[in-house]
Amino acid sequence: EDQVTQSPEALRLQEGESSSLNCSYTVSGLRGLFWYRQDPGKGPEFLFTLYSAGEEKEKERLKATLTKKESFLHITAPKPEDSATYLCAVQDYQFYFGTGTSLTVIP
Amino acid sequence: EPEVTQTPSHQVTQMGQEVILRCVPISNHLYFYWYRQILGQKVEFLVSFYNNEISEKSEIFDDQFSVERPDGSNFTLKIRSTKLEDSAMYFCASSMDRVDTGELFFGEGSRLTVL
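Top line first, the protein sequences correspond to chains A and B.
Everything in the first sequence is counted per my numbering, starting at 376 for the first residue and increasing by one.
Everything in the second sequence is counted per my numbering, starting at 319 for the first residue and increasing by one.
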C-alpha cells in the first residue's frame, strides 16, 4: 500500500493561473510532512515542513497546508520558473516520498 | 551557500562489479542519508547514518550495500556486486537534526547504470 499519493500526476497552467497540488497520506503516526521541489536531473530541494493539522507555511507564491489526511500545495499566480516536479514526503519511522506532480507553467 | 556534493555524476559499470559512490555532506551536519530514484519512480529511502553508525535502513538496503564515513568529510555508499536493478539515481542528503525536526539537503545525485 502506498503511504503517499500525489495528484494530479501532471499539471499545465498558464502563467498567472493559480491552482493546488494534493498529497494524501496513510501513515498513522505522522511525525512530519515535507514538500520538495525537484528540477530535472537534480536532487530534491526542500520547501516546507508541516507537523500538525491546521498548520500552514508560505514561501513566495507557494503555500502549504495540512489536514489529518492530506496536504495541499497552493500555487498563486505561477511563473514559468515555477515549472518543476513537486514532491511530497511523510515520515513515521521511515521517510516516504510520493511520485510527485510535474508542473509546467506556460508563458 | 553550503551544499552537498556527490561524485561521480554518472557511472557505468558491468553487472557484478563493485561501485562506490561518494558524498561530501554539509560540514556542520550530523545526520547523513542515501536515497535512490529509479527512472520514473519514487525517491526511496535506503539508509540513515549518525554518530558513525547506521541508525535506520530500509528493506532495499541489503547485504550488498554498505555505508562508511572514512574521514571527517566523506560519506560513501558501496554496492558490493551490482545488479541490473541497481541502475538508478542515488542521492546523498544531510541534515543538522533528525529528519523529523529539520530539513534535508540533497546533493545533485550520482546516476548509476549497470550493464
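Positions of the beta carbon are idealized from the N, C-alpha and C atoms, including for glycine.
Going by DSSP, what residue range makes up the beta strand (DSSP E) through residue i?
i: residue 401(B); result: That residue, residue 401(B), is in no beta strand (DSSP E); it is neither H nor E in DSSP.
i: residue 328(B); result: 328-331
i: residue 354(B); result: 349-355
i: residue 439(A); result: 437-441
i: residue 407(A); result: 407-413
i: residue 387(B); result: Element bounds for residue 387(B): n/a, residue is neither H nor E.
i: residue 381(A); result: 379-382
i: residue 336(B); result: Note, residue 336(B): premise wrong, no beta strand (DSSP E); not H, not E.
i: residue 368(B); result: 361-368
i: residue 433(B); result: Element bounds for residue 433(B): n/a, residue is neither H nor E.
i: residue 408(B); result: 406-413
i: residue 372(B); result: 371-375
Less than 6 Å between C-beta atoms, sequence neighbours within five positions excluded: which residues of the same chain meet that for residue i?
i: residue 438(A); result: 449
i: residue 407(B); result: 355, 427 and 429
i: residue 402(A); result: 378, 465 and 467
i: residue 343(B); result: 322, 350, 393 and 412
i: residue 366(B); result: 351, 373 and 374
Which same chain residues end up closer than 7 Å to residue i when comparing Cβ atoms and leaving out the 5 residues on each side of it in sequence?
i: residue 368(B); result: 348 and 349
i: residue 442(A); result: 428
i: residue 383(A); result: 476
Just how far apart, CA to CA, sit residue i and residue j?
i: residue 464(A); j: residue 471(A); result: 5 Å
i: residue 461(A); j: residue 413(A); result: 6 Å
i: residue 421(A); j: residue 444(A); result: 21 Å
i: residue 390(B); j: residue 363(B); result: 23 Å
i: residue 423(B); j: residue 419(A); result: 8 Å
i: residue 387(B); j: residue 328(B); result: 21 Å
i: residue 402(B); j: residue 381(A); result: 28 Å
i: residue 324(B); j: residue 352(B); result: 11 Å
i: residue 407(A); j: residue 415(A); result: 25 Å
i: residue 392(A); j: residue 440(A); result: 19 Å
i: residue 478(A); j: residue 400(A); result: 20 Å
i: residue 424(A); j: residue 405(B); result: 30 Å
i: residue 434(A); j: residue 387(A); result: 21 Å
i: residue 447(A); j: residue 430(A); result: 11 Å
Return the chain-ordered list of same chain residues with a C-beta closer than 8 Å to the C-beta of residue i, the five sequence neighbours on each side being excluded.
i: residue 455(A); result: 390, 480, 481 and 482
i: residue 331(B); result: 337, 400, 430, 431, 432 and 433
i: residue 436(A); result: 450, 451, 452, 453, 454 and 457
Give me the subset of the stretch 444-466 of chain A whose CB atoms are less than 8 Å from a CB atom of chain B, sorted by chain position.
462, 464 and 466
Using a Cβ cut-off of 9 Å, which residues of the stretch 381-414 of chain A contact any Cβ in chain B, in chain order?
406, 407, 409, 411 and 413
Members of the stretch 381-414 of chain B near chain A, C-beta cut-off 7 Å
409
With a threshold of 8 Å, are at least 3 pairs of Cβ atoms found where one atom belongs to the stretch 329-347 of chain B and the other to the stretch 389-400 of chain B?
yes
Give the residues from the stretch 351-370 of chain B that approach chain A closer than 9 Å (Cβ to any Cβ), ordered along the chain.
351, 353, 355, 358, 359, 360, 361, 362, 363 and 366
When you compare the stretch 404-412 of chain B with the stretch 369-381 of chain B, are there three or more beta-carbon pairs, one atom per stretch, that lie closer than 8 Å?
no
Select from the stretch 469-480 of chain A all residues with a C-beta closer than 9 Å to any C-beta belonging to chain B, and list them in chain order.
469, 470, 471, 472, 473, 474 and 475
Using a Cβ-Cβ cut-off of less than 8 Å, give me the residues of the stretch 419-448 of chain A that come near chain B, in sequence order.
419, 420, 421 and 424
Quick one, which residues of the stretch 335-348 of chain B are near chain A if we go by CB-CB under 7 Å, in chain order?
none
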